[in-house]
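Below is one structure, written out as structure tokens; the observations come after it.
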Amino acid sequence: MKHVSLVTKKMPARADLWQDILCEVTGVVVGLLEAKGGSVPLLTYLDEKCEPNPVLEQ
166 MKHVSLVTKK
176 MPARADLWQD
186 ILCEVTGVVV
196 GLLEAKGGSV
206 PLLTYLDEKC
216 EPNPVLEQ
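The sequence shown begins at 166 in my numbering and counts up by one.
Structural data, given as structure tokens:
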């Protein structure tokens, strides 16, 4: 479902179960915070890192 972007030059890999869970929870929390007009920069950063990598989707 989601992909994890690595900081190193290695090819990004498919997220495992725990990474998928973290991405789902982060997405829900960020969505709720944004609906109330707030944000947490760390959670927003994590949510952006959980976006699918277009290179891997091809």
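A virtual CB, placed ideally from N, CA and C, is assigned to each residue, including glycine.
For residue 166, which of helix, strand or coil comes out of DSSP? Position 1 of the sequence shown, counting from 1, holds the residue named residue 166. Unreliable placement is indicated for residue 166, whose pLDDT of 45 sits below 50; the coordinate value is still reported in the next sentence. Coil, per DSSP.
Just to confirm the assignment, what range does the alpha helix (DSSP H) spanning residue 189 have? Position 24 of the sequence shown, counted from the start, is the residue given in the question as residue 189. First-last of the alpha helix (DSSP H) with residue 189: 182-200.
Which whole-angstrom value is the C-beta distance of residue 209 and residue 190, which I expect to be below 8 angstroms? The residue labelled residue 209 in the question sits at position 44 within the sequence shown. The residue labelled residue 190 in the question sits at position 25 within the sequence shown. That pair is no contact at about 14 angstroms.
Delimiting residues of the alpha helix (DSSP H) encompassing residue 206: Along the sequence shown, one-based indexing puts residue 206 at 41. That run of the alpha helix (DSSP H) goes 206-214.
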